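Undergrad:
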Amino acid sequence: MTELTLVQAVNRGLFEAMRQDPDVLLLGEDIGLNGGVFRATEGLQKEFGAERVIDTPLSECGIVGTAIGMALYGLKPIAEIQFMDFIYPAFDQIVSELAKFRYRSGGQYPCHVVIRTPYGGGIRGGLYHSQSTEAFFCHTAGLKVVVPSTPADAKGLLLTAVHDEDPVIFLEPKRIYRSVSGEVPEGDHRVPFGVARTAREGSDVSILAWGAMVPTSLEAAAKLADEGISAEVIDLRTLVPLDEAAVLASVEKTGRAVIVHEAARNAGFGAELAARIAEKALYSLRAPIARVTGYDTPFPYALEHLYLPTPERIESAAREAVRAG
Amino acid sequence: MAGSETPRPETSVGRRTVPLSATVEDARRLFGSDWATVVARAFRWMVFARSFDARMQGLQRQGRIGFYGAATGQEAVNVAVGLLSRPEDWIAPGLREQLVALVRGHPVSSYVDHLFANARDPALGRNMPCHPTARDVHYLSMSSVIGTQITHAVGLGYALRLRRDPGVVFAFFGDGATSANDFHAGLNFAGVWGVPVVFCLTNNQWAISQPVERQSATATLAEKAAAYGIAGRRVDGTDFFAVAEALRAAIGLAREQKLPSLLEFVVYRMTPHSTSDDPTRYQPPEFLAAAAAHDPLERLGDWMRANGLAKAAEVETVRADCDSEIRRAIESAEAVPPPDPESLFRDVRSPLPKERSRSQEVS
Chain A
1 MTELTLVQAV NRGLFEAMRQ DPDVLLLGED IGLNGGVFRA TEGLQKEFGA ERVIDTPLSE
61 CGIVGTAIGM ALYGLKPIAE IQFMDFIYPA FDQIVSELAK FRYRSGGQYP CHVVIRTPYG
121 GGIRGGLYHS QSTEAFFCHT AGLKVVVPST PADAKGLLLT AVHDEDPVIF LEPKRIYRSV
181 SGEVPEGDHR VPFGVARTAR EGSDVSILAW GAMVPTSLEA AAKLADEGIS AEVIDLRTLV
241 PLDEAAVLAS VEKTGRAVIV HEAARNAGFG AELAARIAEK ALYSLRAPIA RVTGYDTPFP
301 YALEHLYLPT PERIESAARE AVRAG
Chain B
1001 MAGSETPRPE TSVGRRTVPL SATVEDARRL FGSDWATVVA RAFRWMVFAR SFDARMQGLQ
1061 RQGRIGFYGA ATGQEAVNVA VGLLSRPEDW IAPGLREQLV ALVRGHPVSS YVDHLFANAR
1121 DPALGRNMPC HPTARDVHYL SMSSVIGTQI THAVGLGYAL RLRRDPGVVF AFFGDGATSA
1181 NDFHAGLNFA GVWGVPVVFC LTNNQWAISQ PVERQSATAT LAEKAAAYGI AGRRVDGTDF
1241 FAVAEALRAA IGLAREQKLP SLLEFVVYRM TPHSTSDDPT RYQPPEFLAA AAAHDPLERL
1301 GDWMRANGLA KAAEVETVRA DCDSEIRRAI ESAEAVPPPD PESLFRDVRS PLPKERSRSQ
1361 EVS
């Protein structure tokens, strides 16, 4: 065990993956010589060479398109998209090609690419360095969507992603890259997909969150405890596959659900969670399902503190749920 | 199957084609002492393709298959790549390159199963017709999105080079694709990285209704290669020998030096874009006259008759042989039921342990 920040844990995970398997390679903008704009790939090119840690030309569709070709040949490429906000030139490759290769070829061409990308607000990044658009990818059959919230999970989920056989969108909460640290197991540490983590146990209300909203939700839960409200915080870890059983079990226990995400509310992943709870746990509910989310506006710069869910907004939603029944 | 159902391609008796300039010596230089056999095989495949295209367009009109995109007029390029590529090479196809897979050894019957989207289709009827997958001959699965396969070819080429493997990748796309994102990204990455890829730009002069001059302001499409620091060459894509000669050079560059090149094969789209298209809305009638003079099949046949291969160039004999193979494949494919409904859920993701598959596959 070593105490690491989240971004250091990503870095250790990449070192581990490349050491384990010569077929693993990295490609992206500024990831080699520069070690990545967030230093997530620091030291990797020096260790593994420029053929396996590739500084690419500036084209996201080129990065993902060529990664797909590498994967078709049997390599295990890990592509970095510098900010999630810049992923759209590659959207066609991800949605039309990567997600569908296995299906459309009748299983003849599995296509295993891991796409790592920092996402989310809270770093004063304005419209184009802040967005959380996981819902686009959750909506596309064939992709897995992973969002760690702790250093140990960042490494463990990343290694699972690399050894998986399906395309994985690996979203790194850049706001907590360095503000969160924790013990990370050495070596081949893997965290399975589709298994949520109970970040805090509670009995009055279930707070469902992922990525950077997990520490925010934990902060809210601590404050709620002072008022005598026992909040359970479920860290989903992977949105696809979703640990539906864990979500339902928690909601059935507490009878109240507060869903938290940074993304805009309309058609966000919270809507899917709310629908599943309504479909399968409606009779356990004692209060309406609540969502605490970003607003249906573009992501702001000066007013980002108003846009992002805060512990206060989460607390207020939880209080209201408890008051309701 | 009644013979009258088969729409026959127009015969070209009395039609004047532009003669091929190759000599027998050129053919020998390109294909070795066995040149006559290679040329006869090429001709046989071109006749096959012509017959196949006509037959499948007819089946679509009868509602027996859902769609068809003919490659009539482009056969010389497809046959030459099929014959000159090696088993270790890879094909990243567009809409009109299925013939490459067949020449490389993919069974005709399997392709026809695909066209009927039946239970025997290797991709389980998931795609529109003319979108086959053939891993047995390293033929990738294509989407209908234009140009996306170009960057895949470059990544494949990178992987071949990284592993020190000998293969070459052939990336196919048309004149319309040169306007798409992935053409630029793909050729740019290829130039920067140095990869064994032959970009086969089949310029059939039309992107559905748009003529090539509405697609690009450059005089040729081959000259775009200069912008990426790679070799570019414009070739008469209806001249089998010119195509083979250009391919030999590009394959050599790719195989020996791991370098990409762009070959612009100028051909004539002799049929509609697809069975959903009506070219009389936009194509001047003169185009088809020019196309007839550049019919790759007729040009090769004329050359063979002038160079001692008249017997191998007897169209009716060759066609009869091809037609019976096509008829057998159709009869067999049409008798196979559609894919099992359960197959809808297969291959979305990797197979999962049984007890978890139910919830995860839909989540």
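Residue numbers (this note's numbering), protein chains in the order written: chain A, 1 to 325; chain B, 1001 to 1363.
All C-beta atoms in this analysis are idealised placements derived from N, C-alpha and C, irrespective of residue type, glycine included.
None of the values given here were measured: they were computed from a predicted structure.
Within the 9 Å Cβ cut-off, does B:Phe1153 reach chain A?
TA: Taking the second sequence and counting its residues from 1, the one referred to as residue 1153 of chain B is at position 153. The sequence given here places Ala at residue 1153 of chain B; Phe does not occur at that position. Closer than 9 Å: yes.
Undergrad: Quick one, which of B:Glu1264, B:Arg1161, B:Ala1222 and B:Leu1095 has its alpha-carbon nearest B:Val1195's?
TA: As a working note, residue 1195 of chain B is residue 195 in the second sequence. Nearest C-alpha to B:Val1195: B:Arg1161.
Undergrad: Pick helix, strand or coil for B:Gly1174, following the three-state DSSP scheme.
TA: Looking up residue 1174 of chain B in the second sequence gives position 174. Note: B:Gly1174 maps to strand in three-state DSSP.
Undergrad: Which class does B:Tyr1111 belong to by DSSP, given the choice of helix, strand or coil?
TA: Against the second sequence, residue 1111 of chain B aligns to sequence position 111. Three-state result, B:Tyr1111: helix.
Undergrad: Go through the stretch 154 to 212 of chain A residue by residue and report every complete run of the beta strand (DSSP E) that reaches 3 residues or more, in order.
TA: 168 to 173, 181 to 184, 197 to 200 and 205 to 209
Undergrad: Going straight from the alpha carbon of A:Arg19 to that of B:Ala1117, what length do you get?
TA: The residue labelled residue 19 of chain A in the question sits at position 19 within the first sequence. The residue labelled residue 1117 of chain B in the question sits at position 117 within the second sequence. So the alpha carbons of these two residues sit roughly 44 Å apart.
Undergrad: So for B:Ala1080, helix, strand or coil by DSSP?
TA: In the second sequence, residue 1080 of chain B corresponds to position 80, counting from 1. If DSSP states are grouped into helix, strand and coil, B:Ala1080 belongs with the helices.
Undergrad: Leaving aside the five residues before and after B:Ala1254 along the sequence, list all residues of the same chain whose C-beta is less than 6 Å from its C-beta, in chain order.
TA: Sequence index remark: in the second sequence, residue 1254 of chain B carries index 254 (1-based). Closer than 6 Å at the Cβ level, and outside the excluded window around B:Ala1254, lie Val1168, Pro1196 and Val1198.
Undergrad: For B:Tyr1111, is the classification buried or exposed, using 16 other Cβ atoms within 10 angstroms of its Cβ as the cut-off for buried?
TA: Sequence index remark: in the second sequence, residue 1111 of chain B carries index 111 (1-based). By the 10 Å Cβ count, B:Tyr1111 comes out buried.
Undergrad: Helix, strand or coil for B:Asp1374, going by three-state DSSP, please let me know.
TA: Only positions 1001 to 1363 of chain B appear in the structure, and residue 1374 of chain B is not among them; the question remains open.
Undergrad: In terms of residue numbering, what span does the alpha helix (DSSP H) encompassing B:Phe1199 cover?
TA: Residue mapping note: residue 1199 of chain B aligns to position 199 of the second sequence, counting from 1. No alpha helix (DSSP H) holds B:Phe1199; the beta strand (DSSP E) holding it covers Val1197 to Asn1203.
Undergrad: With H, G and I counted as helix, E and B as strand and the rest as coil, what does DSSP make of A:Arg323?
TA: Here residue 323 of chain A refers to the residue found at position 323 of the first sequence. Correct three-state label for A:Arg323: helix.
Undergrad: Name, please, each residue of chain A whose Cβ falls closer than 7 Å to the Cβ of B:Thr1148.
TA: As a working mapping, residue 1148 of chain B is identified with position 148 in the second sequence. Ordered by position in chain A, the residues that pass the 7 Å Cβ test against B:Thr1148 are Gly65, Asp92, Gln93, Ser96 and Glu97.
Undergrad: Mind checking who A:Arg291 pairs with in its DSSP beta bridge?
TA: Working through the first sequence from its first residue, we reach residue 291 of chain A at position 291. Bridge partners of A:Arg291: A:Ile259.
Undergrad: Compute the Euclidean distance between the alpha carbons of A:Met70 and B:Ser1179, then round it to the nearest angstrom.
TA: Taking the first sequence and counting its residues from 1, the one referred to as residue 70 of chain A is at position 70. Taking the second sequence and counting its residues from 1, the one referred to as residue 1179 of chain B is at position 179. So the alpha carbons of these two residues sit roughly 24 Å apart.
Undergrad: Determine the DSSP secondary structure at A:Glu219, reduced to helix, strand or coil.
TA: Taking the first residue of the first sequence as position 1, residue 219 of chain A is located at position 219. Helix, per DSSP.
Undergrad: Could you compute how far the alpha carbon of A:Asp23 sits from the alpha carbon of B:Ala1071?
TA: Locating residue 23 of chain A in the first sequence gives position 23, counting from the first residue. Locating residue 1071 of chain B in the second sequence gives position 71, counting from the first residue. Whole-angstrom Cα-Cα distance: 38 Å.
Undergrad: Cβ closer than 9 Å: which chain A residues qualify as neighbours of B:Phe1189?
TA: Locating residue 1189 of chain B in the second sequence gives position 189, counting from the first residue. Taking the beta carbon of B:Phe1189 as reference, the chain A residues within 9 Å of it are Thr56, Pro57, Ser59, Gly62, Ile63, Gly65 and Thr66, listed in sequence order.
Undergrad: Here's the rule I'm using: 16 or more other beta-carbon atoms within 10 Å means buried, otherwise exposed. How should B:His1184 be labelled?
TA: Numbered from 1 along the second sequence, position 184 holds the residue referred to as residue 1184 of chain B. That one is buried.
Undergrad: Is the separation between the beta-carbon of B:Phe1170 and that of B:Ala1219 shorter than 9 Å?
TA: Taking the second sequence and counting its residues from 1, the one referred to as residue 1170 of chain B is at position 170. Taking the second sequence and counting its residues from 1, the one referred to as residue 1219 of chain B is at position 219. Cβ distance not < 9 Å, so B:Phe1170 and B:Ala1219 don't count as in contact.
Undergrad: In terms of DSSP beta bridges, what is A:Lys76 paired with?
TA: On the first sequence, residue 76 of chain A is found 76 positions in, with the first residue counted as 1. Beta-bridge pairing links A:Lys76 to A:Val24.
Undergrad: Select from B:Glu1223, B:Val1235, B:Phe1189 and B:Ile1230 the residue whose C-alpha is nearest the C-alpha of B:Asn1204.
TA: For the purposes of this step, residue 1204 of chain B is taken as the residue at position 204 of the second sequence. Per the Cα distances, B:Val1235.
Undergrad: Of all Cβ atoms in chain B, is any one closer than 9 Å to the Cβ of A:Thr310?
TA: As a position in the first sequence, residue 310 of chain A is number 310, starting the count at 1. So, not an interface residue.
Undergrad: If you compare alpha carbons, which of A:Pro185, A:Met213, A:Ala264 and A:Ala67 is closest to B:Gly1186?
TA: Numbered from 1 along the second sequence, position 186 holds the residue referred to as residue 1186 of chain B. It is A:Ala67.
Undergrad: Output, in chain order, the set of chain B residues within a Cβ distance shorter than 8 Å of A:Glu29.
TA: Your numbering for residue 29 of chain A matches position 29 in the first sequence. Counting only Cβ-Cβ distances below 8 Å, A:Glu29 has no contacts in chain B at all, with the closest Cβ about 12 Å away.
Undergrad: Candidates A:Glu165, A:Leu127 and A:His139: which alpha carbon is nearest A:Gly74's?
TA: In the first sequence, residue 74 of chain A corresponds to position 74, counting from 1. Checked all of A:Glu165, A:Leu127 and A:His139; the closest Cα to A:Gly74 is A:Glu165.
Undergrad: B:Trp1206 bridges to which residues according to DSSP?
TA: For the purposes of this step, residue 1206 of chain B is taken as residue 206 along the second sequence, with counting starting at 1. Per DSSP, B:Pro1211.
Undergrad: Hey, out of A:Glu262, A:Leu303 and A:Asn34, whose CA is closest to A:Ile314's CA?
TA: Translated into positions along the first sequence, residue 314 of chain A becomes position 314. For A:Ile314, the nearest C-alpha among the options comes from A:Glu262.
Undergrad: Check the Cβ of A:Glu51 against every Cβ in chain D and list those closer than 8 Å, keeping chain order.
TA: Of the protein chains in the structure, A and B, none is chain D.
Undergrad: Suppose you measure from the CA of A:Ser250 to the CA of A:Ser206; what does that come to, to the nearest Å?
TA: Here the question's residue 250 of chain A lines up with position 250 in the first sequence. Here the question's residue 206 of chain A lines up with position 206 in the first sequence. Straight-line Cα distance between these residues: approximately 6 Å.
Undergrad: Distance check for B:Trp1090 and A:Val146, CA to CA, integer angstroms please.
TA: In the first sequence, the residue the question calls residue 146 of chain A occupies position 146. In the second sequence, the residue the question calls residue 1090 of chain B occupies position 90. Answer to the nearest angstrom: the Cα atoms are 33 Å apart.
Undergrad: So what does B:Gly1232 bridge to, in DSSP terms?
TA: Sequence index remark: in the second sequence, residue 1232 of chain B carries index 232 (1-based). Per the DSSP secondary-structure output, B:Gly1232 pairs in a beta bridge with B:Leu1262.
Undergrad: Using three-state DSSP, classify B:Thr1151 as helix, strand or coil.
TA: Against the second sequence, residue 1151 of chain B aligns to sequence position 151. It is helical.
Undergrad: Considering only the alpha carbon of each residue, which of A:Glu51, A:Leu127 and A:Arg39 lies closest to A:Pro300?
TA: Locating residue 300 of chain A in the first sequence gives position 300, counting from the first residue. It is A:Leu127.
Undergrad: Provide the residue span of the beta strand (DSSP E) that contains A:Tyr119, from first to last.
TA: Position 119 of the first sequence, counted from the first residue, corresponds to residue 119 of chain A. Element bounds for A:Tyr119: Val114 to Tyr119.
Undergrad: Going by CA-CA distance only, name the one from A:Arg175, A:Arg116 and A:Gly294 that's closest to A:Gly211.
TA: Locating residue 211 of chain A in the first sequence gives position 211, counting from the first residue. For the set A:Arg175, A:Arg116 and A:Gly294, the Cα lying nearest the Cα of A:Gly211 is the one of A:Arg175.
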